[in-house]
Amino acid sequence: MAEIRNFTLNFGPQHPSAHGVLRLVLEMDGEQIMRADPHVGLLHRGTEKLAETKPYNQSIGYMDRLDYVSMMCSEHGYVLAIEKLLGIEAPIRALYIRTMFDEVTRILNHLMWLGTHALDIGAMTVFLYCFREREDLMDCYEAVSGARMHATYYRPGGVYRDLPDNMPRYEEKASKWHSEAEIRRRNDARHGSLLDFLENFCERFDKYVEEYETLLTDNRIWKQRTVGIAVVSPYRAKQLGFTGPMLRGSGIAWDLRKKQTYAAYDQVEFDIPVGRNGDTYDRYLVRMEEMRQSNRIVKQCIAWLRRNPGPVMIDDPKVAPPKRDQMKQEMESLIHHFKLFSEGYCPPPGEVYAAVEAPKGEFGVYLVSDGANKPYRMKIRAPGFPHLAAMDEMVRGHMLSDVTAVIGTMDIVFGEIDR
Amino acid sequence: MDAILNLWNSFSQDWPTLATLILILLKIVVIMLPLMVLVAYYTYAERKIIGYMQVRIGPNRVGFFGRHAFGLGQPLADAFKLMFKEIVIPTKANRVLFVIAPMLSLGPALAAWAVFPFNEGMALADINAGLLYLLAMTSVGVYGVIIAGWASNSKYALLGAMRSAAQIVSYEIAMGFALVGVLVAAGSLNLSDIVRAQSGSLLHWYWLPLLPLFLIYFISGVAETNRAPFDVAEGESEIVAGFHVDYSGMTFAAFFLGEYANMILVSALTALMFMGGWLSPFQGTPLEPFFAWVPGFVWLVAKTFFFMYLFLWFRATFPRYRYDQIMRLGWKVFIPITIVWILVVGLAVVYQLPWWFD
Chain A
325 MAEIRNFTLN FGPQHPSAHG VLRLVLEMDG EQIMRADPHV GLLHRGTEKL AETKPYNQSI
385 GYMDRLDYVS MMCSEHGYVL AIEKLLGIEA PIRALYIRTM FDEVTRILNH LMWLGTHALD
445 IGAMTVFLYC FREREDLMDC YEAVSGARMH ATYYRPGGVY RDLPDNMPRY EEKASKWHSE
505 AEIRRRNDAR HGSLLDFLEN FCERFDKYVE EYETLLTDNR IWKQRTVGIA VVSPYRAKQL
565 GFTGPMLRGS GIAWDLRKKQ TYAAYDQVEF DIPVGRNGDT YDRYLVRMEE MRQSNRIVKQ
625 CIAWLRRNPG PVMIDDPKVA PPKRDQMKQE MESLIHHFKL FSEGYCPPPG EVYAAVEAPK
685 GEFGVYLVSD GANKPYRMKI RAPGFPHLAA MDEMVRGHML SDVTAVIGTM DIVFGEIDR
Chain B
3 MDAILNLWNS FSQDWPTLAT LILILLKIVV IMLPLMVLVA YYTYAERKII GYMQVRIGPN
63 RVGFFGRHAF GLGQPLADAF KLMFKEIVIP TKANRVLFVI APMLSLGPAL AAWAVFPFNE
123 GMALADINAG LLYLLAMTSV GVYGVIIAGW ASNSKYALLG AMRSAAQIVS YEIAMGFALV
183 GVLVAAGSLN LSDIVRAQSG SLLHWYWLPL LPLFLIYFIS GVAETNRAPF DVAEGESEIV
243 AGFHVDYSGM TFAAFFLGEY ANMILVSALT ALMFMGGWLS PFQGTPLEPF FAWVPGFVWL
303 VAKTFFFMYL FLWFRATFPR YRYDQIMRLG WKVFIPITIV WILVVGLAVV YQLPWWFD
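Protein sequences, first through last, are from chains A and B. The opening residue of the first sequence carries number 325 in the working numbering; numbering runs sequentially from there. The opening residue of the second sequence carries number 3 in the working numbering; numbering runs sequentially from there.
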């Protein structure tokens with residue numbers, strides 16, 4: 325009798341639920357996974373090496389493109405490292421703005437995660453609901469930075485600009501597809517400032533989360549597909565280097581926002597949700613609750629920002645670019661501007677590591693400076709990488725359909741994993 | 003008009019066999035044409051209805067003669083696109099089986115309509131073993147899927163075929179048992195007789211006495227047609243497109259047509275066997291005379307559309323089952339329930355339970 329061998333299935337890189345360019349070589353016995361071998365590097369763009377070739381500020385834009393669904397959080401990690409290296413701190417208003425946009429980003433990321441996770445498991449309606457809400461948050465990004473995704477809004481020493489006083493509006497003219505009444509309805513929340521718009525969104529958002537939960541949380545099929553799938557014990561989660569919701573899903577209340585606080589997180593109130601069983605369902609619940617908590621933080625930031633106007637950029641001409649009118653009037657400012665946008669600044673030699681709680685986990689930037697205007701070396705700690713490395717352990721013994729559920733629960737984005 | 007009729011009469015006297023053949027062919031065309039149009043517009047309805055459920059608009063651009071009539075031209079445009087696309091046959095595929103499979107999938111889905119009574123005495127073939135014929139036809143369809151999966155010589159397709167074989171075979175049993183219940187209750191395999199046995203009132207229809215069988219039949223029907231939440235055979239996010247991953251152009255379209263024709267068939271059969279077919283819902287109520295002018299066919303279509311809508315609603319609502327969970331549901335839940343209920347129905351018939359079986 326012929327020997328029976330397992331068969332190998334190439335899952336991706338072109339696969340609808342490979343979340344980009346994951347190449348997963350699966351060794352299967354029928355439908356059961358005996359071994360999973362993730363291959364990375366198909367989206368490698370050499371971010372770390374590129375950063376060595378240009379002044380510090382010019383790499384902020386690359387950070388957006390790492391984890392392209394939690395843009396500002398990655399920027400935050402990088403900017404924080406530079407600030408640490410320079411020994412400066414951003415003004416308090418900038419810290420609140422950063423906190424607010426970090427949480428907006430977290431909601432953006434978790435909405436994307438929820439949509440794709442549900443889509444992988446076959447519930448496609450949630451996906452479109454999530455994108456409906458993402459649209460509003462993208463508009464906030466746009467209002468503040470001009471770009472809907474790759475904002476480059478955070479700068480060492482603060483943020484690029486203060487929050488705008490008015491939101492962009494749709495042109496109130498009926499078209500072939502939209503009536504004037506509809507456009508007016510869309511503009512309803514956009515007559516005030518960005519904060520008004522965001523506050524309006526925050527008030528609505530809890531209801532939206534409920535809406536997603538009615539579709540999934542108590543759905544028997546959803547539970548059958550997620551409960552008990554890819555269980556990770558707290559001990560193993562720590563050993564595997566999990567961070568973020570993946571770690572908290574296993575029941576460990578570790579959150580950099582609380583444990584190594586940065587920005588204005590020590591000034592706002594929020595809770596850290598933790599799971600109990602460490603399965604896919606728990607991680608789902610953790611992330612759903614995180615969205616609510618983020619919403620809570622955003623509300624507090626809005627209230628604070630309304631009351632406390634002030635500078636959003638450090639008053640240090642060596643780091644912060646001068647105002648336009650100063651530049652036209654003063655020789656010194658012009659020189660500063662020129663130096664800053666050609667050479668940049670030269671931090672003292674040394675090395676720093678700064679980490680933020682990105683939506684996916686700990687996003688850290690390790691910078692080595694030799695005193696030049698560009699980093700000597702940069703290393704990025706992407707949260708997704710250790711998660712993906714645990715793929716084999718998490719899916720072994722499960723079935724093919726669970727692989728998609730596990731990819732979803734890891735919240736993988738290849739921008740940051742392949743860098 | 004009279005002249006044509008006279009001509010036809012003399013023709014059928016001279017060549018009776020030929021005349022019967024032509025008549026049957028005409029009837030087939032009369033059934034198939036609306037069916038095909040319905041299939042095309044069912045895809046349109048699916049995209050529109052699910053679109054609105056998902057807060058988007060759905061197709062609204064393609065229209066007729068420069069007017070975008072709510073995108074009503076979309077199904078035709080899709081059909082033409084598929085017709086003119088190249089049929090790619092993978093090098094290592096088994097060419098004969100590869101081409102036969104889609105036909106095998108579409109053929110039975112259409113053939114099953116032969117015994118379907120659209121109204122009192124309005125069936126192409128009012129045969130006494132109608133129910134058996136239906137069971138046979140719907141089971142043959144699965145061979146198309148299995149052969150397609152095998153012939154493509156692709157791992158994804160093979161997995162899809164494997165899943166679909168296991169799934170359809172097990173749901174066939176639950177479905178069969180549900181039909182046995184109907185058979186016991188009506189005492190006939192003839193579809194028209196089954197409908198007649200339900201007459202009386204809305205509460206006489208079999209959905210009430212056979213409630214578990216009704217639900218199981220419809221759910222099995224969803225599983226049998228590989229629709230969400232039982233669409234593991236094509237499981238978009240897992241095995242890409244499953245058994246038809248390598249199909250393109252008209253061969254793909256045949257699978258597509260087969261699937262939608264089957265959905266319509268299952269909806270129509272559910273309406274027929276559990277919701278009183280062409281019977282008016284106002285039968286036995288004071289309202290009956292007011293609705294007497296409505297032809298039975300309209301009621302049948304309305305009921306069918308309701309079930310067709312359910313298919314779409316399911317798809318927008320539910321996540322997908324895992325393959326082994328489907329098996330468990332089929333074998334451990336549906337089949338035992340149907341067996342028990344057949345017993346209950348049998349006893350009810352033997353003891354002539356008033357209202358339904360007296």
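Think of the CB as a built atom: it goes at the ideal place given N, C-alpha and C, for glycine as much as any other residue. Since we're looking at a predicted model, the values are computed, not measured.
- Residue environment analysis places A125(B) among the buried positions, since at least 16 neighbouring C-beta atoms fall within 10 angstroms of its C-beta.
- Contact annotation, T423(A) with I621(A): C-beta distance approximately 7 Å; criterion of less than 8 Å satisfied.
- Residue-level contact by beta carbon fails for T733(A) and chain B, as no gap is shorter than 8 Å.
- Taking all protein chains in view, the Cβ of V98(B) is surrounded by fewer than 16 other Cβ atoms within 10 Å, so the residue is classified as exposed.
- In this chain, the beta strand (DSSP E) harbouring P362(A) covers Q356 to H363.
- If you draw a straight line from the Cα of N601(A) to the Cα of Y608(A), it is about 12 Å long.
- Minimum Cα-Cα distance from P699(A) among the listed residues L366(A), Y402(A), V598(A) and Y484(A) corresponds to Y402(A).
- Contacts between A442(A) and chain B, judged by CB atoms closer than 8 Å, involve P321 in chain order.
- In this structure, E681(A) keeps its C-beta atom at 8 Å or more from the C-beta atom of L564(A).
- Taking C-alpha positions only, R493(A) is separated from S469(A) by approximately 15 Å.
- If you check each beta-carbon in the region 238-267 of chain B against every beta-carbon of chain A, the ones closer than 8 Å belong to E238, S239, E240, I241 and V242.
- Exclusion of the five residues before and after V147(B) leaves S107, A163, S166, A235 and F245 as the residues of its chain whose Cβ lies within less than 7 Å of its Cβ.
- The beta carbon of I89(B) is closer than 7 Å to those of S250, G251, M252 and T253 in its chain, skipping five residues each way along the sequence.
- DSSP, reduced to helix, strand and coil, places I416(A) within a helical segment of the structure shown.
- Here the region 197-209 of chain B makes no contact with the region 127-137 of chain B; the two share fewer than three CB pairs at distances below 8 Å.
- Counting other Cβ atoms within 10 Å of its Cβ, L112(B) reaches 16 or more and is therefore classed as buried.
- Just so you know, the alpha carbons of N543(A) and L259(B) end up roughly 31 Å apart.
- C-alpha of I170(B) to C-alpha of V335(B): approximately 16 Å in a straight line.
- Across the structure, A714(A) and E459(A) are spaced so that their CA atoms are roughly 33 Å apart.
- Of the other Cβ atoms in all chains shown, 16 or more fall within 10 Å of the Cβ of G73(B); this residue is therefore buried.
- Counting other Cβ atoms within 10 Å of its Cβ, Y559(A) stays below 16 and is therefore classed as exposed.
- Only residues of its own chain outside the window of five on either side were considered, and among them W209 and F276 have a CB closer than 6 Å to the CB of F216(B), listed in chain order.
- Contact annotation, M702(A) with E376(A): C-beta distance approximately 7 Å; criterion of less than 8 Å satisfied.
- Chain-ordered listing is empty here: chain A has no CB closer than 9 Å to the CB of L74(B), the nearest sitting near 16 Å.
- A Cβ-Cβ distance of about 28 Å is found for the pair I357(A) and V598(A), leaving them out of contact under the 8 Å criterion.
- Your pair R347(A) and P337(A) checks out as a contact, with CB atoms roughly 5 Å apart and the cut at 8 Å.
- Between G482(A) and F738(A) the beta-carbon gap is near 31 Å, outside 8 Å, which marks them as no contact.
- Neighbourhood of W546(A) in chain B, by CB distance below 9 Å: F320 and P321, in chain order.
- Under DSSP, the beta-bridge partners assigned to Y677(A) are Y690(A).
- Counting along the chain, the unbroken alpha helix (DSSP H) around I26(B) starts and ends at P18 to M55.
- By the Cβ criterion, the region 306-315 of chain B is not in contact with the region 139-157 of chain B, since fewer than three pairs of Cβ atoms, one from each stretch, lie closer than 8 Å.
- In the structure shown, L350(A) falls within a strand segment according to DSSP collapsed to helix, strand and coil.
- By the neighbour-count definition (other C-beta atoms within 10 Å, threshold 16), P231(B) is a buried residue.
- Apart from the 5 residues on each side of it in sequence, L331(B) sits with its Cβ closer than 8 Å to the Cβ of Y323 in its chain, given in chain order.
- Residue contact with chain B for E504(A): absent (no Cβ-Cβ distance below 8 Å to any residue of chain B).
- The Cβ of Y465(A) sits no closer than 8 Å to any Cβ of chain B.
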